[in-house]
Each structure stands twice: as structure tokens, then as C-alpha cells.
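Peer 1:
In our numbering, the protein residues as written are 3 to 753.
1. Quick check on the DSSP output: what are the complete beta strand (DSSP E) runs of length 3 or more inside the region 233 to 259, in order along the chain?
2. Short check: CB of residue 477 to CB of residue 441, under 8 Å?
3. Have a look at residue 315 and residue 260 and give me their C-alpha separation to the nearest angstrom.
4. Under the rule that 16 or more other beta-carbon atoms within 10 Å means buried, what is residue 526, buried or exposed?
5. Checking 8 Å against the spacing of the C-beta atoms, do residue 459 and residue 505 come in under that value?
6. Hey, could you find the ends of the alpha helix (DSSP H) residue 197 is sitting in?
7. At a cut of 8 Å, does the region 169 to 187 reach the region 126 to 146 through at least three beta carbon pairs?
8. Would you kindly check if the distance between the Cβ of residue 685 and the Cβ of residue 733 is under 8 Å?
9. Suppose contacts are defined by Cβ-Cβ distances below 8 Å. Is residue 482 in contact with residue 528 by that definition?
10. Run through DSSP, which three-state label would residue 24 get?
11. Any idea what DSSP makes of residue 706, helix, strand or coil?
12. I think residue 199 touches residue 156, with their Cβ atoms under 8 Å apart; what is that distance to the nearest whole Å?
13. How would you call residue 450, buried or exposed, if buried means at least 16 neighbouring beta carbons within 10 angstroms?
14. What three-state label does DSSP hand residue 315 in the structure shown?
15. Let me know if residue 502 comes out buried or exposed under the rule of 16 or more other beta-carbons within 10 Å of its beta-carbon.
16. Label residue 279 either buried or exposed according to how many other C-beta atoms from any shown protein chain fall within 10 Å of its C-beta, with 16 as the threshold for buried.
17. Looking only at its chain, what residues have a beta carbon closer than 6 Å to the beta carbon of residue 63, apart from the 5 residues adjacent to it on each side?
18. Quick check on the burial criterion: 16 or more other C-beta atoms within 10 angstroms. Buried or exposed for residue 646?
19. Do residue 697 and residue 655 come within 8 Å of each other at the CB atom, strictly closer than that value?
20. With distance defined between alpha-carbon atoms, name the residue in 327, 337, 338 nearest to residue 354.
21. Quick one: what's got a C-beta closer than 6 Å to residue 313's C-beta in the same chain, skipping five residues either side?
22. Ends of the alpha helix (DSSP H) at residue 295?
23. Return yes when the Cβ of residue 346 is within less than 8 Å of the Cβ of residue 336, no when it is not.
24. Give the straight-line distance between the Cα atoms of residue 634 and residue 690, rounded to the nearest whole angstrom.
25. Helix, strand or coil: which one does DSSP assign to residue 133?
26. With distances taken from CA atoms, which of 731, 236, 667 is nearest residue 681?
27. When you compare only the Cα positions, how much space is there between residue 485 and residue 664?
28. Can you tell me which of 271, 241, 206, 204 puts its alpha carbon nearest to the alpha carbon of residue 727?
29. Output needed for residue 317: all residues of its chain with C-beta closer than 7 Å, excluding positions within five of it in sequence on either side, in chain order.
30. The alpha helix (DSSP H) that contains residue 91, what's its start and end?
31. From residue 201 to residue 210, what distance separates their C-alpha atoms?
32. Once DSSP output is grouped into helix, strand and coil, what is the label at residue 164?
33. Using a Cβ-Cβ cut-off of 6 Å (strictly less than) and excluding sequence neighbours within five positions of residue 144, which residues of its own chain qualify?
34. Throw me the rounded Cβ distance for the residue 719 and residue 683 pair, which I believe falls under 8 Å.
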């Protein structure tokens, strides 16, 4: 190390006749082979602490202007950039503090600023010098992963120096332009991440996106379409840079077109992670915020086409987050292209993500997002950003009163003299709810009294549970009414109240009501929402029937919700993972000493005798397309909910008589759909296998389902290796581990 560094520094210092300290250093290092490494490093440490490294770099800038040897440049570049690594290798990690990367590279950043100041002075004096060596140092340091340490010093200084000096601006542009292509990506990313605003970034980079093809690829492709881990501030800096200059705006339009093409691709929506789709959505909205009316007019038809394609792809997704993303972006595009006409409006629950997305559509004036403007400049620009109406009305007198003083009392409204009634003790009359089940049916089907209708909906669940005998007489009729019941008023919690009433009717009279609901799932003239409602009610009722009576009474006494919920918009795959993890935990044997837990009294599982009525009708007709319903076609969202429902029903049927038959039928069902393209459906299929392995008795599994399990094992191995979805791979691996546990359990059983 010392010999190589000595050679590089010797050649550099030979041209530096006026720098005696450098010559003394070279004389010392020329015979460095006879010195101990610590002695050489001590001299290097003194060299750095005295700030001599900038003089070495400045000499190289002068030599480059005189066509210095490329070998010398390359050798010195390697030593300057990699000096901490060389010292660490020689001293086996026992570096002096000045050679720590967090100390060395900020020092190198200060040296670069000093060299640039010397270059600035030379240019003002009309002398020739080159900035290429400094560009190479900048590029190589950033490519080696030390952007934070170097640019943390360099960017703030360049921001100050380029604010009002055109020579410094041109030097900064040339500094970045002369970075070799192999290091350009790291430098561009570093500047985009650390610039305090788009205006500052434009000042630092100039027309780099126009002049350099590699920088253009990084900005327009890599940072927007191939990567998605950057912050919103990075997107605002990058797209604001493209929007600020007239030479860059064609790139902004092109970027928007490519983003919309990705947003409207059904394949991208299916196979891209939600984080990437959120990132692309943010970029689209920021682009839209920068578009001007003539630009919108020129690409209005393209925006409309992308809007229609993208909305369909996102609304077809099974993930609520993706559907909400599609709605927010579609509303934003619609508001931009239809400023005078009707715009799209969706109903969805707003969260922090959707509010952040909507805020990106409103472009913040540059004077408010650039923190480095002088105080006087900032105030002037802030005043310029105020609406014209406010500025023109600044000196207007206060508004005149609404009723002039000249108006006589006779012209005032005579009703002002009326004395109001005292209503302080009045009480609101509450409508009484019906007390009989049949009266509830009459109110829900024919009553025009909305207050009574609301009172009936609120009281129905409690009434059904208190009168099971009366409910059984009209259970199917009541289930039919509730399935078709629509909200007539703006009633809070209507969906939840209706669902609770449906669950109460189903648990009170399980067999006939389950037969009715499962038959309606595959019938004509039902909406997808109604079919999903049927699945949710079946799951919640099955969970209630399979839980102990004591727990059920406690559950209904409060406002507590069931553990397993498949309400519209929820991600049931997460619920299912929780179920599987708890089930595995219960199957795991642990040995411990100490006081044993008191066993709670067990109640009969009421789901035992009715599990088949819930399960088998749902699994029979999934492959028969109807006129308005095709599970294997475009209605794959409902198919995914059906698969997860079957998995949960199988889980709840543990220790029931029909569990083995249900397990075999479920494995055949999984085998028929194992190559489905939608990841949500595949997750449900893998959950089905987990529920079979955890719920069916081990002996029955190996006796009755040997072939099915072997086929499933082969498929699971392929999923672990090849499936693009991470959750699918995780569930498949979990199933393979469960199968291994079954094998080990068999070996421990004596024959």
C-alpha cells in the first residue's frame, strides 16, 4: 500500500516544486518499504489534518489542462477515493480516527470545495484548468456508497455558492456532466435525494437530462419505473426538475405517458407489489400537478383512454389498497381533464394514504418549498403568489352592514317580535320497535314509517336471539328479506346491523337457512356484493356455532366483534394467517414444570352436525358459469373470497364427523384451481391445504388421502421455488413443514 501510494504521490509532487511539504512527504514515502506501516500512516494522517489533499487535487486539475498521463490520474484517483480501505487493510482495522469513512469523506468534500474555488478564481483570471479529475473523484466516491458523507458536505455548499453566481452555476453543471457514465447513476441519485427543492436541483444540474443519455435513463426510467423505494420528496424534486425548464417539459409529458401505461396495465397491477403501485400513483399525481392547460388539451384523449383502462384493472383487484389507489388516481385524472364538466366520484373510506395522494395534485408554489431563499426574496415571492383578488382588495374599507341604517322598523320582518315557546323540558318521542318476529317482517317489507323501520333493524338481532322458537317458524323467509334488504335512510351502521341479524337467524335455525343461502350463492340476478355477504354470514355463523356456549353468551353481551371477519374490503388472507399460526401453536407440544392450568369445561360443538350443509353446497358448482356470474372468469375476486371461506369452514370443522370427507373434497377443489393466475386465489388455496392438514385426523389423512397429499406436496415445492408472490411462497413452505411434522408424528406412533 505504502509503495503504491508513494509512487502516485511522488509523480504528482514532482510537478509541484513550490510545495516543500509535499516533496518532504514524497521523500519519506519513496523509501517507505524500510519504514513500519504505522510510521507511514502517521505521516499520511498529518498530511490530511493539515488539509494538503486539496493541493494535490488542484495540481491534478492543472495537469489535466496540460494533458497529464492517464496512468497517473487513475493511480491517484484510486488512492484518494480508497485511502480509508487501504489503511484499514494494512493496519487490520486499527485506523486512526481521521481515516474513518464518516470523517475522511466529509474532509474530502471540503477539499473538493476548495479546489472548485481555485478553479473559479482561475477562470475569472482567464487561466485554463480542468474539472474532470474532481468529477471522477465525485463519481467514484458516490459509486462506492459514500454519497451521504460526501454530498452531505458538498450539496449545501454548492447550493449557497450557485445562488447568485453564474460562474459557480456553470462549474457545478460541468462537475456533474463530466462524471463518467458508469458512476452517473449514483451521482444523480445523490443530488436528487439531497437537493432541498426542485428549483435548487435545477440550479445544480442544469440541462443534464438533455445532454447526458445515462442521466436521462436514470431520471426517466430507473428512478420512476424500475425502483420504488424513494421518498415522496425525491419524486417531487425529480418531476419538478423536469417541469421547471421549457427544454425539460417534453420529458415530463413522456414520463407521464409511460407511468399511465404502467398504471393501466393489468399484468403490472396483478404482479407488482402494492408499494410499487403506490409509488407510481404518487408520480402520476405529481406529474398532473405540473401540467398546464394547453398540455392537457394536447393529450386529453390519451389521458381518458388510460383512465378507463387503469380504473378497470384496479377495481378488478382483490386488494382493498389497490382498489382505493385506482379510485383516487382516477378521480384526480378526471378532475384534471374535465375541469368544466362532470368528474368521476367514488365511495371509499379515506385514510392517510389517500389524503396524501390527493394533496400531491395541488402544486405547492416553489417559493414555499425552497428553504434557502434570502428573507427579502422569500417575502417578495410570497406576495407574488397571493391571489390577485386579495391584493386588489388590500386597501378596501370594511364591508357595509347588511341592513342599512336608513331602513325603518316598519320595514323589518314582523315575525321578529314573536316570543318563542319554552321547549327546554320537551323530550323526543322515540318510536317503539316491534316485539314479535312477524311484526318485524311486516315492517321490513311494507312499512313506510322510516323511524319504525330503523328501530326494527336495530332491534332485530336481539329479538331473534330471545325468541328462537318463533324465529324457526319464519327463518327462511326472514333470511330472504335480510339478504335483499336495502338501506332506505342514512342509518349509521346499517350494514353491520343487517349482518348481525343474518348471523342470528342462521345460528338459530342452521340447516334450512344454510341450505337457502348456499343455494342463492350460485343463483341468477344477485350482485357480487350480495354473494360476498352470503360468504361472510356463513363464516361468522360457523364460528359462533363452533364456539362454546359460555363464550358465546359473553360475546353477545357486549359490543365485541368476532375474531374472524370477512367484511367487504377486509383482507381475509391476513385473518387466515393468524388462524393458521394459532392452530400451529396449539399443535406444538411444550414441556414445562410448574402448576398446570385449570381446564375450562367444554361444551358440545354445535357446528358438528351442520358443517356439511355449510360446506358442500359451496364447493359443488364453482365451475358452472352463469349469465351474470363467472367465478373462473372475470369474477375472480368472489372466487378468492369463496376459497378463503372454504378454508375457514374446514378449520372450524375440526373434530367433526364430516371433517375427513370435507378434507378430501377440498384437496380435489384445490387441485383443480392450483394454477390460477390471481395471487389472492392462490393464497386461499394454500390456506385450504393448511386447514386440511391441521383439522383432519392424521390417520385419515394418510389412509384416505395419500395420493392427494403426494400431488399437493409436489405442487407446494413448485410454489416455493417459482411463485412470484411472497405470501404464496411463505404459505407453501409452511404447508411443507406441516407435512414433515405429520411424517415425524407417524414415526413416533408404535405399529
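Ideal Cβ placement from N, Cα and C applies to all residues, glycine included.
Peer 2: Let's see:
1. Fully enclosed beta strand (DSSP E) runs of 3 or longer: not present.
2. Annotated as distal: residue 477 and residue 441, with beta-carbon spacing of 8 Å or more.
3. Whole-angstrom Cα-Cα distance: 16 Å.
4. Residue 526 is exposed by the Cβ-count criterion.
5. Going by C-beta atoms, residue 459 is not nearer than 8 Å to residue 505.
6. DSSP places residue 197 outside any alpha helix (DSSP H), giving it a letter other than H or E.
7. As far as the Cβ criterion goes, the region 169 to 187 touches the region 126 to 146, which means the pair count is three or higher.
8. With contacts defined as CB atoms closer than 8 Å, residue 733 and residue 685 qualify as a contacting pair.
9. Contact: no.
10. Here the model assigns residue 24 a pLDDT of 41, short of 50, so the residue's position is not dependable, and the following value carries that caveat. In this structure, residue 24 counts as helix in the three-state DSSP scheme.
11. Per DSSP, reduced to three states, the secondary structure at residue 706 is helical.
12. That pair is no contact at about 17 Å.
13. Its Cβ having fewer than 16 others within 10 Å, residue 450 is exposed.
14. Residue 315 falls in the helix class under three-state DSSP.
15. By the neighbour-count rule (16 or more Cβ atoms within 10 Å), residue 502 is buried.
16. Here residue 279 is buried, its C-beta having at least 16 other C-beta atoms within 10 Å.
17. Closer than 6 Å at the Cβ level, and outside the excluded window around residue 63, lie 131, 132, 135.
18. Residue burial annotation: residue 646 is buried, with at least 16 other C-beta atoms found within 10 angstroms of its C-beta.
19. For the 8 Å CB-CB criterion, residue 655 and residue 697 form a contact.
20. By alpha-carbon distance to residue 354, the top candidate from 327, 337, 338 is 327.
21. Taking residue 313 as the centre and dropping the five residues before and after it, the same chain places the C-beta of 328, 332 closer than 6 Å to its C-beta, in chain order.
22. Per DSSP, residue 295 is one residue of the alpha helix (DSSP H) stretching across 295 to 300.
23. The Cβ-Cβ distance between residue 336 and residue 346 falls below 8 Å.
24. CA-CA distance, residue 634 to residue 690, rounds to 18 Å.
25. In this structure, residue 133 counts as coil in the three-state DSSP scheme.
26. Nearest to residue 681 by alpha-carbon distance, out of 731, 236, 667, is 731.
27. Roughly 27 Å separates the two Cα atoms.
28. Of the candidates 271, 241, 206, 204, the one whose C-alpha sits nearest the C-alpha of residue 727 is 271.
29. The residues 325, 328, in chain order, have a CB closer than 7 Å to that of residue 317 in the same chain once the five nearest residues on each side in sequence are set aside.
30. For residue 91, the enclosing alpha helix (DSSP H) begins and ends at 72 to 93.
31. C-alpha separation (whole angstroms): 14 Å.
32. Three-state result, residue 164: coil.
33. Closer than 6 Å at the Cβ level, and outside the excluded window around residue 144, lie 188, 189, 192.
34. That pair is no contact at about 20 Å.
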